[in-house]
Ligand SMILES: C[S@@+](CC[C@H](N)C(=O)[O-])C[C@H]1O[C@@H](n2cnc3c(N)ncnc32)[C@H](O)[C@@H]1O
């Protein structure tokens, strides 16, 4: 088979090398578009890049863009985004890159925080931490290496049970609009979810959340009785006016194609937040068509 150009051929070879054809249930036209965009930058709109999965961690960008749009409608010029569980730092660096792209798109400035022990996983507390998957010391961070790469993110090192104590009063972050939960353990996630009990001035009324550890195969066996899913279920049972809920129909919205991360996006609804009822929809009239 002849390829139209050497560059296109090598872009396609790159795709095959990264096994994208084999791993993603994504139509070939999108995979081709990804390859062409990586090589030639043909898709200019950031929103389209997110929809077509043309950028690293599109799920982070998608949540951050929506958080910034909500913030703007509520008259905020700055928001915070958080990654709980940083490990090597690839996610936090992606979050920084999305922060810059979202600022360019919306004018909303994003402050980024990353929480981690810095030493890898603590010891699992009990079976609910899924010790068959994770053990003490997994995912240790190279702190000098990551610190040297970070541009804007603040790394908060130590057990989240300590670093989250008084976090909002200490740092006075702009309203939190997106949180990536990737602490793996049930026990660590229970602690991190306490962030939603902070003063409303530090939170948007609806906070986009990504939960990393809830999609996997039978050997991982994620379920509602252990891990992050149990932490969410218990949090909801204990909080009358805050509920963390999946976004119904997210995968069908917009021009996107269904992907695993659509199942992993939740929104924390702060029903008692003074802005929870503030109208944000642009669809306000449905006139009958003149014809
Ligand atoms: C899977 S890794 C995070 C991966 C990262 N988000 C990424 O995308 O590359 C999980 C991290 O959670 C951190 N962690 C787990 N429990 C913690 C706790 N109680 N306090 C602070 N960090 C914790 C571990 O140190 C580990 O680095």
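Residue numbers (this note's numbering): 1 to 291.
Idealized CB from N, CA, C, for every residue including glycine.
Discussion item. Can you list, in chain order, the residues of its chain with a C-beta nearer than 7 Å to that of residue 183? Leave out the 5 residues immediately preceding and following it.
Written reply: 84, 85, 160, 189 and 192
Item to complete: Just grab the DSSP bridge partners of residue 207 for me.
Response: 268
Discussion item. Tell me the residue span of the alpha helix (DSSP H) that contains residue 190.
Written reply: 186 to 192
Worksheet item: Cβ of residue 167 versus every heavy atom of ligand 1: is any distance shorter than 7 Å?
Response: no
Worksheet entry | Buried versus exposed call for residue 201 [16 or more other C-beta atoms within 10 Å across all chains shown] | exposed
Item to complete: Leaving aside the five residues before and after residue 284 along the sequence, list all residues of the same chain whose C-beta is less than 8 Å from its C-beta, in chain order.
Response: none
Worksheet item: Less than 8 Å separating the beta-carbons of residue 112 and residue 123?
Response: no
Worksheet item: Does the Cβ of residue 61 lie closer than 7 Å to at least one heavy atom of ligand 1?
Response: no
Fill in: Selected residue, minimal CA-CA separation from residue 206, among 221, 212, 246 and 56
246
Worksheet item: Which class does residue 118 belong to by DSSP, given the choice of helix, strand or coil?
Response: coil
Discussion item. Just to check my reading of the structure: residue 271 and residue 241 have Cβ atoms closer than 8 Å, yes? What is that Cβ distance to the nearest angstrom?
Written reply: 5 Å
Discussion item. Classify residue 55: buried if its beta carbon has 16 or more other beta carbons within 10 angstroms, exposed otherwise.
Written reply: buried
Practice prompt. Name, in chain order, the residues that DSSP records as bridge partners for residue 157.
Written response: 116
Discussion item. DSSP three-state label for residue 231, please.
Written reply: helix
Worksheet item: Helix, strand or coil: how does DSSP classify residue 167 here?
Response: helix
Discussion item. With a threshold of 7 Å (Cβ to nearest heavy atom), would residue 124 be considered close to ligand 3?
Written reply: Although ligand 3 was asked about, the structure shown includes only ligand 1 as ligands.
Fill in: Nearest candidate by alpha-carbon position, reference residue 82, set 116, 74 and 234
116
Worksheet item: Based on Cα-Cα distance, which residue from 154, 199 and 158 lies nearest to residue 175?
Response: 199
Worksheet entry | residue 104 versus residue 243 - alpha carbon distance | 31 Å
Practice prompt. May I ask which residues mark the beginning and end of the alpha helix (DSSP H) holding residue 249?
Written response: Counting along the chain, residue 249 falls outside any alpha helix (DSSP H), and DSSP gives it neither H nor E.
Worksheet item: Where does residue 243 sit, in a helix, a strand or coil, going by DSSP?
Response: strand
Item to complete: Reducing DSSP to helix, strand and coil, say where residue 39 ends up.
Response: helix
Practice prompt. Check the C-beta distance from residue 109 over to residue 136 and give it rounded, since I have them as a contact under 8 Å.
Written response: Contact flag wrong, Cβ pair sits at about 38 Å.
Discussion item. Measuring straight from C-alpha to C-alpha, what distance separates residue 276 and residue 92?
Written reply: 28 Å
Discussion item. Counting C-beta neighbours from all protein chains within 10 Å, is the total for residue 162 16 or more, i.e. buried, or is it exposed?
Written reply: exposed
Worksheet entry | Euclidean distance between Cα positions of residue 3 and residue 47 | Because the pLDDT of residue 3 is 37, which lies under 50, any placement of that residue in the model is unreliable, and the number read from its coordinates should be weighed accordingly. Computed Cα separation, rounded: 30 Å.
Practice prompt. Return helix, strand or coil for residue 4, following the three-state DSSP convention.
Written response: Any reading at residue 4 is ruled out, since the residue's pLDDT is 43, under 50, leaving its predicted position unreliable.
Worksheet entry | Span separating the alpha-carbon of residue 249 from that of residue 255 | 13 Å
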